[in-house]
Structure formats: C-alpha cells, structure tokens
Amino acid sequence: MVVEVTKAGGFGVLGASTFSPEQLEAELRWIDQHTDGKPYGIDVIIPTAYDKQAETSTEDLARLIPQEQRDFMNRLLADAQVPELPAEERERVHQEIVTGRGAMTPDGARRLLQVALAHPQVRLVVSALGSPPPDVMAELRSRHIIVGAMCGKAQHAAKHKAAGVDLIVAQGTEAGGHTGEIATMVLVPQVVQACGDEVAVLAAGGIATGAQIAASLALGAQGVWCGTVWLGTRESELDPFEKEVLFAAGADDTARRKARTGKTVRMLKSQLSEAWERDDAPDYLPTPLQGILYNEAHARVVRAQRKELYSFPAGQVVGMVNEESSVRDVMYRMQLEYVEAIERLVRLQGEA
Ligand SMILES: Cc1cc2nc3c(=O)[nH]c(=O)nc-3n(C[C@H](O)[C@H](O)[C@H](O)COP(=O)(O)O)c2cc1C
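The sequence shown begins at 5 in the numbering used here and counts up by one.
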C-alpha cells in the first residue's frame with residue numbers, strides 16, 4: 005500500500021509499530037526498491053502510558069500476561085469452539101506477535117527508528133499516542149526528517165507543538181485505530197487554531213471520498229491522512245475472509261474498545277470485543293500485553309473464519325467500503341471526486 009500510494013501521487017506511510025526491527029528492515033528494503041527514489045514515511049507508537057516491565061524485559065513477553073486474563077480469553081474461544089492453531093503455526097504466530105508488539109513502548113519505537121534512519125527515503129516520522137521525546141526529536145531534526153504526531157484533542161496539539169513537530173494529524177473519533185472522543189468536524193478547526201501558522205495540520209477520520217477531502221480543506225487542514233479506505237484494496241494485508249466481513253460492515257458496526265491493545269481502538273464490533281466489556285471480564289492489560297493476548301486469539305479466529313468473533317481496526321467509513329478496488333483506483337477516484345466537489349461549491353457561490 006505504501007508503494008502504491010506513493011506512486012499514485014500520495015505520501016505513503018508505513019505503520020511500523022507491530023514489526024520487529026528485522027521485519028521492518030525487510031519491509032523498508034522492499035519499499036525502497038519499488039518507489040523509484042520517492043520519499044515516504046513511517047509511523048511508530050510512542051505511548052506515554054505502558055507496561056514498564058515489558059519495555060525492559062528480555063524474556064518472552066507473553067509470560068508477563070497474568071493467568072486471569074489468559075484464562076478468560078481461552079475460555080471465550082473454547083466456549084465458541086474455536087480450534088487451537090496447529091503447533092507449528094502457533095509457534096510462528098507467537099514469535100511474530102511477541103517480537104512485534106515489543107515495539108509498542110518508547111524504547112521499542114527507538115529500536116525501529118534506528119532501522120528506519122538507515123533508509124534515506126524515509127523523510128517523515130509520525131509518532132502515535134504521545135509526543136516524540138526530546139532525544140528522538142533531536143535525532144530526527146539533525147537528519148532533516150519531517151516529524152509529525154497523531155492528535156485527538158486540541159490539548160494534545162499544544163503539547164506536540166511545544167515538542168517541536170512539523171505537522172499534526174488531527175484524527176477524529178470516527179477513525180479506525182487508536183482514537184479519542186471528538187469528531188473530525190469539531191477537532192480539525194480546533195487543532196488548526198492551536199497550531200497557528202507554524203505547524204501543518206492533516207485531517208484524519210472519516211475520509212474515503214474526494215468530497216470529504218474538500219470538506220477537510222474547508223475546515224483549515226492542509227491535507228488528509230486516510231486509513232480504513234485502504235483496507236478494502238487488493239494491496240491490503242487482509243485475506244478474502246477478512247475483506248468479506250469488512251465489505252458487509254455498516255457505519256454503525258464499529259466501536260471504541262480496549263480489547264485489542266489495552267487502549268481505545270475503533271474496530272469492528274464482534275462477540276470477542278464485546279465479551280471484554282462484560283461485568284465478569286477481567287481488567288484490560290496495559291500496552292503491549294493486551295495486544296499480545298488479543299492477537300494470538302485473533303489469529304485463531306481468522307484461521308477458523310469466524311466472522312461473529314472477528315474484530316479488526318476500522319473506522320466508520322467502513323460503511324462506504326463495499327467492494328475490492330486498488331490503491332491506484334482509490335487515489336484517482338478521490339481526486340476526481342475532489343474536483344467535482346470544488347466545482348459544486350464554485351457553482352453554489354456563483355448562484356449566491
Ligand atoms: C487497520 C488500521 C491500523 C492502524 N494503525 C495505526 C498505527 O499503527 N499508527 C497510527 O498512528 N495510526 C494507525 N491507524 C490510524 C490511521 O493512521 C488513521 O489515522 C485512521 O485510520 C484515519 O481514519 P479512517 O480510518 O477513518 O481513515 C490505523 C488505522 C487502521 C484502520
């Protein structure tokens with residue numbers, strides 16, 4: 005997706021936070037080879053609240069998951085008769101998830117950044133769930149890399165601005181992934197105001213058409229940042245079973261839940277996400293432990309193709325993503341719709 009977005013005139017950004025440093029190196033090498041020297045970005049999660057033991061531990065992080073939460077998840081899957089993964093696959097999935105989720109702490113993000121800095125085409129680094137710490141900021145600055153931060157509240161924008169970022173992604177509650185409570189329509193003008201002329205603002209959350217891009221620019225944003233719309237493309241990592249669930253979902257089939265990472269993520273609602281909200285459910289674990297527990301269960305659900313238990317991060321615009329397309333088609337469709345929206349506005353003004 006990063007390659008195709010970049011080739012079609014966008015600025016592709018790779019969500020790197022679930023990769024181990026070795027996996028990220030392989031991904032970036034491949035992107036470098038396919039983007040004709042064009043710049044692209046990476047996004048890392050630098051949370052302000054997380055499990056400190058998991059950040060420094062050298063042992064298998066899954067061992068830090070308490071028995072109560074482990075038993076609850078196992079019971080949910082056993083009651084729903086979701087088979088265990090075959091031993092070999094279980095080991096592979098376990099290794100992949102444990103090494104990847106270890107990156108969801110500040111030091112984990114620093115390890116990923118060291119890998120990214122060896123790839124000169126990486127010209128943008130965005131931090132999610134917190135401002136980039138001063139040492140990260142200084143290192144990126146010294147290499148003239150554009151620094152951005154995700155933001156769900158005007159107060160966060162002020163902190164990011166004080167940390168010295170170049171751009172802020174104002175992401176409304178309707179977005180897929182980690183998200184706050186304020187809608188894009190309300191958040192974007194507030195963040196634009198908080199940023200003044202010094203920091204650029206991209207609007208995110210609920211953008212899948214050119215009309216939504218035009219609306220974002222009307223609110224004062226200088227560009228947009230999309231997530232959910234890419235899930236339905238043939239370049240997306242989702243398999244055919246997962247896409248079928250996605251295409252059938254409506255705008256009201258998502259909810260903000262902590263089951264996936266321990267922090268609120270907007271995702272498709274399912275019996276699994278809702279079970280963790282019940283009174284008899286244990287507390288959510290801190291990042292990155294809840295993610296390790298959830299993703300091992302998720303791998304079982306996907307393998308068993310159990311759509312009633314399937315939850316994946318997706319925003320409310322999932323209701324507008326109804327069939328498979330390509331990244332290139334989405335990019336061109338949105339540009340055409342954008343021009344049509346602007347022409348409509350110009351006509352309206354002429355009539356006024
Ligand atoms: C499957 C998925 C994974 C995401 N992962 C990340 C991530 O790792 N880091 C991040 O900053 N945002 C992440 N997001 C949020 C997106 O960057 C983006 O802000 C959001 O999807 C925009 O709203 P939309 O989903 O309505 O397009 C993710 C979103 C989705 C749907």
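Glycine included, each C-beta is placed from N, C-alpha and C at the ideal position.
Can you tell me whether residue i is buried or exposed, with buried defined as 16 or more other CB within 10 angstroms of its CB?
i	result
K267	buried
Q353	exposed
V130	buried
S146	exposed
W34	exposed
S315	buried
R282	exposed
T60	exposed
R351	exposed
T183	buried
N299	buried
T2	Here the chain comprises residues numbered 5 to 356, so residue 2 is not present and cannot be evaluated.
H38	exposed
V119	buried
P110	buried
E185	exposed
R261	buried
G236	buried
A255	exposed
Among the candidates the options, whose CA atom is the shortest distance from the CA of residue i?
i	options	result
G259	A179, P244, D243	In the sequence as displayed, the identity of residue 259 is Ala instead of Gly. Here the closest residue by C-alpha is A179.
L289	E92, K56, F15, I50	K56
A122	I172, P25, M338, E63	P25
Q294	Q320, V306, T265, D284	T265
R348	D284, G231, A218, A107	A218
S220	L191, L128, A20	L191
P137	R127, K165, P124, A120	K165
L171	E185, P70, D201	D201
E246	Y336, V102, P317, G134	P317
Q175	A158, K163, A167	A158
A20	Q73, R115, A66	R115
A252	N326, P286, K262, E143	N326
A162	M189, V205, I150, L223	V205
R310	L276, R332, G323	L276
L89	V269, R74, V305	V305
T232	L340, G112, G319	G319
T62	V102, G41, G16, V86	V102
V195	A301, Q226, T213	Q226
M324	A215, A285, V228	A215
I211	L18, L65, Y44, M338	M338
G134	V169, T52, M108	T52
L144	A167, C155, H160	A167
L181	E341, Q85, G156, A107	Looking at the sequence itself, residue 181 is Gly, so the reference to Leu does not match. The shortest C-alpha separation from G181 is found at G156.
A132	A142, G152, A30	G152
V249	S274, A263, V269, A285	S274
E341	P286, A301, T213	T213
A263	L68, R74, Y44	R74
R307	A285, R94, I346	R94
K11	V343, Q85, V331, L65	V331
So residue i is in the alpha helix (DSSP H); what residue range does that whole segment cover?
i	result
Y298	293 to 308
A279	275 to 279
R348	331 to 355
K311	That residue, K311, is in no alpha helix (DSSP H); it is neither H nor E in DSSP.
M324	Where M324 is concerned, there is no enclosing alpha helix (DSSP H), given that its DSSP letter is neither H nor E.
D139	138 to 146
G112	110 to 120
P193	188 to 199
H164	158 to 167
Considering just the uninterrupted stretch of the beta strand (DSSP E) at residue i, what are its terminal residues?
i	result
Y44	44 to 49
V130	126 to 132
Looking only at DSSP bridge pairs, what is residue i linked to?
i	result
M5	Partner(s): none; M5 has no beta bridge.
I172	A153, V205
G14	None, per the DSSP bridge assignment.
P317	M271
H182	V269
Compare the C-beta of residue i with all C-beta atoms of chain B and state if any pair is closer than 9 Å.
i	result
T103	Of the protein chains in the structure, only one exists, and it is not chain B.
When every heavy atom of ligand 2 is checked, does at least one fall within less than 8 Å of the C-beta of residue i?
i	result
A132	Ligand 2 is absent from the structure shown, which contains only ligand 1.
- If you scan the region 19 to 80 from start to end, which runs of the beta strand (DSSP E) of 3 or more residues do you find wholly inside it? 44 to 49
- Task: Return the chain-ordered ranges of every beta strand (DSSP E) run that is complete within the region 222 to 268 and spans a minimum of 3 residues.
- Result: 227 to 229, 258 to 261
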